[in-house]
Amino acid sequence: MSGEGPVPQAIRKLTPGRLVIASHNPGKVREIRALLGPLGIEPVSAAELDLPEPEETGTTFVANAELKAMQAADLSGLPALADDSGLCVEALGGDPGIFSARWAGPSKDFAVAMQLVEDKLAAIEPAPGRDAHFICALALAWPDGHVEWFEGRVDGVLVWPPRGDHGFGYDAMFLANGETETFGEMDPAKKHAMSHRADAFGQLVKAVF
16 MSGEGPVPQA IRKLTPGRLV IASHNPGKVR EIRALLGPLG IEPVSAAELD
66 LPEPEETGTT FVANAELKAM QAADLSGLPA LADDSGLCVE ALGGDPGIFS
116 ARWAGPSKDF AVAMQLVEDK LAAIEPAPGR DAHFICALAL AWPDGHVEWF
166 EGRVDGVLVW PPRGDHGFGY DAMFLANGET ETFGEMDPAK KHAMSHRADA
216 FGQLVKAVF
């Protein structure tokens with residue numbers, strides 16, 4: 016934080032050890048493990064601990080991330096990290112936004128979700144702009160109910176047809192500003208260095224480690 020004003024309350028630090036990744040999405044868990052690996056943290060996923068997936072009733076990315084992290088911390092007795100992220104398309108009023116995973120349907124088929132985004136854009140006349148951004152909200156919760164949160168963002172445009180089979184979700188149709196490869200074509204290490212998740216993780220690491 017910059018500027019004058021009251022000194023912010025000290026952010027709670029995270030000590031090395033086990034940390035629950037409050038997600039049942041294998042792609043998301045893989046990315047978070049890669050980002051946490053060098054930090055002395057032993058990530059264990061909610062699926063490995065057999066924790067239930069909570070209903071995401073929040074109206075913002077931060078609210079949903081907090082909800083998931085707090086439930087996982089409460090049920091496991093361990094600190095828990097949750098991510099709520101999604102694609103926001105300007106011409107669609109910010110949709111799919113917090114409903115990004117739900118657009119993929121019960122089978123989590125993101126080919127269906129990407130087609131739905133494209134169909135909705137194609138139905139707008141005159142042809143709209145294709146600006147979009149990914150948001151990632153991270154919430155880190157402790158069993159006593161304390162929560163820290165961080166939000167990252169990356170801007171770009173949507174391409175069609177989708178390109179590349181790396182990544183997950185909407186990655187294959189998202190071209191970050193200044194890049195020639197979609198997140199689906201990009202080497203995962205390069206994506207990890209510049210994505211919305213990397214932005215939020217950079218803030219988290221700086222704050223709590």
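Numbering (this note's numbering), first residue to last: 16 to 224.
Every residue gets a Cβ at the ideal spot worked out from N, C-alpha and C, and that includes glycine.
Computed from a predicted structure; not experimentally measured.
Legend entry - Proximity winner among Leu50, Leu34, Ile47 and Glu105, relative to Gly229 (alpha-carbon distances): With the chain covering only 16 through 224, there is no way to say anything about residue 229.
Inset, instruction - Identify, in the order they occur along the chain, each residue of the same chain with its Cβ nearer than 8 Å to the Cβ of Phe224, setting aside the five sequence neighbours on each side. - result: The residue given as residue 224 occupies position 209 in the sequence shown. In its chain, beyond the 5 residues on either side, Lys28, Leu29 and Leu54 have a beta carbon closer than 8 Å to the beta carbon of Phe224.
Legend entry - Pro111 burial status per 10 Å Cβ neighbour count (16 or more: buried): By 1-based counting over the sequence shown, the position of residue 111 is 96. With 16 or more other Cβ atoms from the protein chains shown falling within 10 Å of its own Cβ, Pro111 counts as buried.
Inset, instruction - Could you tell me the boundaries of the alpha helix (DSSP H) in which Leu107 lies? - result: Here residue 107 is taken as the residue at index 92 of the sequence shown, counted from 1. Per DSSP, Leu107 lies in no alpha helix (DSSP H) and is assigned neither H nor E.
Legend entry - Contained alpha helix (DSSP H) runs [length at least 4] in the segment 56-90, N- to C-terminal order: Runs of the alpha helix (DSSP H) spanning 4 or more residues and lying entirely within the segment 56-90 do not occur at all.
Inset, instruction - Within its chain, find whatever has a CB closer than 8 Å to the CB of Gly120; leave out the 5 residues flanking it on each side and keep chain order. - result: As a first step, residue 120 is located in the sequence shown; it is residue number 105 there, counting from the start. Result list for Gly120: Val127 and Ala128, in chain order.
Legend entry - Secondary structure of Asp99, DSSP reduced to three states: Mapped onto the sequence shown, residue 99 falls at position 84. Strand at Asp99.
Inset, instruction - Figure out for me which residue from Gly179, Met209, Asp89 and Glu105 has the closest Cα to the Cα of Ile139. - result: What you label residue 139 is simply residue 124 of the sequence shown in a count that begins at 1. For the set Gly179, Met209, Asp89 and Glu105, the Cα lying nearest the Cα of Ile139 is the one of Glu105.
Legend entry - Three-state secondary structure (DSSP) of Ser17: To locate residue 17, count along the sequence shown from 1; it is residue 2. Per-residue confidence for Ser17 stands at a pLDDT of 40, beneath the threshold of 50, marking its modelled position as unreliable; the derived number appears in the next sentence. If DSSP states are grouped into helix, strand and coil, Ser17 belongs with coil.
Inset, instruction - Compare the beta carbon distance of Ile26 and Ala213 with 8 Å and say whether it is the shorter of the two. - result: Here residue 26 is taken as the residue at index 11 of the sequence shown, counted from 1. Here residue 213 is taken as the residue at index 198 of the sequence shown, counted from 1. No, the Cβ-Cβ distance between Ile26 and Ala213 is not below 8 Å.
Inset, instruction - Would you check whether the ligand ATP has a heavy atom nearer than 7 Å to the C-beta of Ala138? - result: The ligand content of the structure shown is nil, which means the ligand ATP is not present either.
Inset, instruction - Tell whether a beta-carbon distance below 8 Å holds between Cys151 and His211. - result: Here the question's residue 151 lines up with position 136 in the sequence shown. Here the question's residue 211 lines up with position 196 in the sequence shown. Yes, the Cβ-Cβ distance between Cys151 and His211 is below 8 Å.
Inset, instruction - Quick one: residues in its chain with C-beta nearer than 8 Å to the C-beta of His161, no 5 flanking neighbours on either side, listed in chain order? - result: Sequence index remark: in the sequence shown, residue 161 carries index 146 (1-based). Hits under 8 Å: Arg27.
Legend entry - Exposure of Asn192, with buried meaning 16 or more beta-carbon neighbours within 10 Å: Walking along the sequence shown from the start, residue 192 turns up at place 177. Sixteen is the threshold: since fewer than 16 other Cβ atoms of the shown chains lie within 10 Å of the Cβ of Asn192, the residue is exposed.
Legend entry - Cα-Cα separation, Pro158 to Met85: As a first step, residue 158 is located in the sequence shown; it is residue number 143 there, counting from the start. As a first step, residue 85 is located in the sequence shown; it is residue number 70 there, counting from the start. If I take the Cα positions, the gap works out to 7 Å.
Legend entry - Straight-line gap, Gly20 to Phe149 (C-alpha atoms, nearest Å): Here residue 20 is taken as the residue at index 5 of the sequence shown, counted from 1. Here residue 149 is taken as the residue at index 134 of the sequence shown, counted from 1. Since pLDDT at Gly20 reaches only 46, below the 50 mark, its modelled position is unreliable, and the value read off the structure follows with that caveat. Each residue's Cα considered, the two are about 31 Å apart.
Legend entry - Rounded C-alpha distance that separates Gly109 from Glu70: Reading the sequence shown from its first residue, position 94 is the one you call residue 109. Reading the sequence shown from its first residue, position 55 is the one you call residue 70. Rounded to the nearest whole angstrom, the CA to CA distance from Gly109 to Glu70 is 21 Å.
Legend entry - Distance between Thr72 and Met201 (C-alpha atoms, nearest Å): Start at 1 with the first residue of the sequence shown, and residue 201 comes out as number 186. Start at 1 with the first residue of the sequence shown, and residue 72 comes out as number 57. So the alpha carbons of these two residues sit roughly 33 Å apart.
Inset, instruction - Report the partner residues of Ala152 according to the DSSP bridge assignment. - result: As a position in the sequence shown, residue 152 is number 137, starting the count at 1. BP columns for Ala152 point to Asp99 and Glu166.
Inset, instruction - Could you spell out where the alpha helix (DSSP H) holding Phe216 opens and where it closes? - result: Counting from one through the sequence shown, the residue named residue 216 turns up at place 201. Phe216 -> alpha helix (DSSP H) spans His211 to Val223.
Inset, instruction - Could you name the residues of the same chain whose beta carbon sits closer than 7 Å to that of Arg178, not counting the 5 residues immediately before and after it, in chain order? - result: Translated into the one-based positions of the sequence shown, residue 178 becomes position 163. Once the five neighbours on either side are set aside, the close Cβ partners of Arg178 are Ala187, Thr197, Gly199 and Glu200.
Inset, instruction - Return the CA-CA distance between Val132 and Thr195, expressed in angstroms with no decimal places. - result: Counting from one through the sequence shown, the residue named residue 132 turns up at place 117. Counting from one through the sequence shown, the residue named residue 195 turns up at place 180. Distance from the CA of Val132 to the CA of Thr195, rounded to the nearest whole angstrom, comes to 21 Å.
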